[in-house]
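Data block below; observations after.
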Amino acid sequence: MTFIRFLLLFAPLLFSCQESTQSVHENQNNVAQTAVKDTSTEQTINYQDIEKKFLLGQIKPQQNDQFVEIPVPIANRENLYMQKQALESFQKMQKTASKENIQLQIISAFRSFTHQKWIWNSKFNGKRRSGGKNMAKEFPDPQKRVQAILNYSAMPGTSRHHWGTDIDINNLNNSYFESGKGKTEYEWLKKNAHKFGFYQTYTANREDGYNEEKWHWSYTPLAKDFSYNYKKKISYADIKGFKGSEHAQDLKVIERYVLNNINNECMHEPGN
Ligand SMILES: [Zn+2]
């Protein structure tokens, strides 16, 4: 009884420290309200507590009030969803950019586990090309095939697109961002996106992990919470239900592609 009284008195204080924890209050149905203290760094950070189904993309955004459909033409088509808080910040960024004649459009956002599984399995079976290749023919050995597909696609359950915090902007080719209009857009993003909480996740010159993606940007005020919870809660037992999943652990997919080898600004703690 005393503990409950303590919670009632002090719970609001626990949730008032950070913008990202504020959203926990507003979305009581979806996200548990546990403040997590990070004792591994000198700072005390109140990460919001996120359920596993949100970390793995096992939700329907249409039925979840934390997610919103992105209006067209902010998105290039209907039926793209992302976290409400991340969209609000993107809209501010998009308006600011537009005043400087830079047009930003979201071309991919939330992707469910089921959707990622469909992409992954079709690449594994050779029904869909990956990097211009039929991976089933090029790599008869399943583990080598999984590694080859990982250069271009995330394994189901390990994509930051499951979180609703990460988006692809304007074009899915690095070459687009290396000359003309695309280059101007990319330079604007590098200079300004951080003011709105967005950072390029997969930058150049990393030793391992995904290739550079100039189009993929992460809304870090929320994504850091997801990353923290992912590290605490997700194990290889959760990465299952698709072709080649038995190789996830041997290839250290969680460590190499989710927790490390990303832009330091997207890490939930320095030197994670
Ligand atoms: Zn992406």
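Quick note: the sequence shown uses our numbering, first residue 1, plus one each step. We put the CB at the ideal spot given by N, CA and C, even for glycine.
Legend entry - Buried or exposed (CB count within 10 angstroms, at least 16 for buried), residue 164: buried
Legend entry - Nonlocal neighbours in the same chain, by C-beta distance under 7 angstroms from residue 23, ignoring five residues either side: Model confidence at residue 23 stands at a pLDDT of 41, short of 50, so the residue's coordinates are unreliable and nothing is read from them.
Inset, instruction - Run through the segment 164 to 235 for me and flag every whole beta strand (DSSP E) of 3 or more residues, listed as ranges in chain order. - result: 166 to 169, 198 to 200, 216 to 219
Inset, instruction - Starting from residue 82, trace the beta strand (DSSP E) both ways and give me its first and last residue. - result: 81 to 83
Inset, instruction - Ignore the nearest five residues each way along the sequence and tell me which others in residue 57's own chain have a CB closer than 6 angstroms to its CB. - result: 112, 113, 162
Legend entry - Residues that DSSP places opposite residue 67 in a beta bridge: 83
Legend entry - Length of the line joining the Cα atoms of residue 131 and residue 211: 12 angstroms
Inset, instruction - Take residue 147 and list the residues in its own chain whose beta-carbon comes closer than 7 angstroms to its own, dropping the five residues that flank it on each side. - result: 251
Inset, instruction - Using beta-carbon positions only, say whether residue 182 and residue 170 come within less than 8 angstroms of one another. - result: yes
Inset, instruction - With DSSP collapsed to three states, give me the class of residue 237. - result: helix
Legend entry - alpha helix (DSSP H) segment containing residue 153, residue limits: Segment: none, residue 153 is in no alpha helix (DSSP H) and carries neither H nor E.
Inset, instruction - Determine the contact status of residue 47 and residue 68, defining contact as a CB-CB distance below 8 angstroms. - result: no
Inset, instruction - Find the nearest neighbour of residue 166 within the set 70, 64, 126, 139, judged by alpha-carbon distance. - result: 70
Inset, instruction - Report whether the distance from the Cβ of residue 238 to the nearest heavy atom of ligand 1 is below 7 angstroms. - result: no
Inset, instruction - Could you name the residues that DSSP lists as bridge partners for residue 133? - result: 130
Legend entry - Cα-Cα separation, residue 200 to residue 216: 6 angstroms
Inset, instruction - Report all residues from its chain with a CB closer than 8 angstroms to the CB of residue 194; omit the five preceding and five following residues, and keep chain order. - result: 265
Legend entry - DSSP state of residue 119 mapped onto helix, strand, coil: helix
Legend entry - Contact check, residue 256 vs residue 209, beta carbons under 8 angstroms: yes
Inset, instruction - Could you give the DSSP three-state label for residue 97: helix, strand or coil? - result: helix
Legend entry - Residue range of the beta strand (DSSP E) that includes residue 106: 106 to 108
Inset, instruction - Could you tell me whether the Cβ atoms of residue 83 and residue 222 are closer together than 8 angstroms? - result: yes
Legend entry - Residues near residue 107 in its chain [Cβ-Cβ closer than 6 angstroms; skip 5 each side]: 76, 168
Inset, instruction - Verify whether the separation of the beta carbon atoms of residue 59 and residue 53 is less than 8 angstroms. - result: yes
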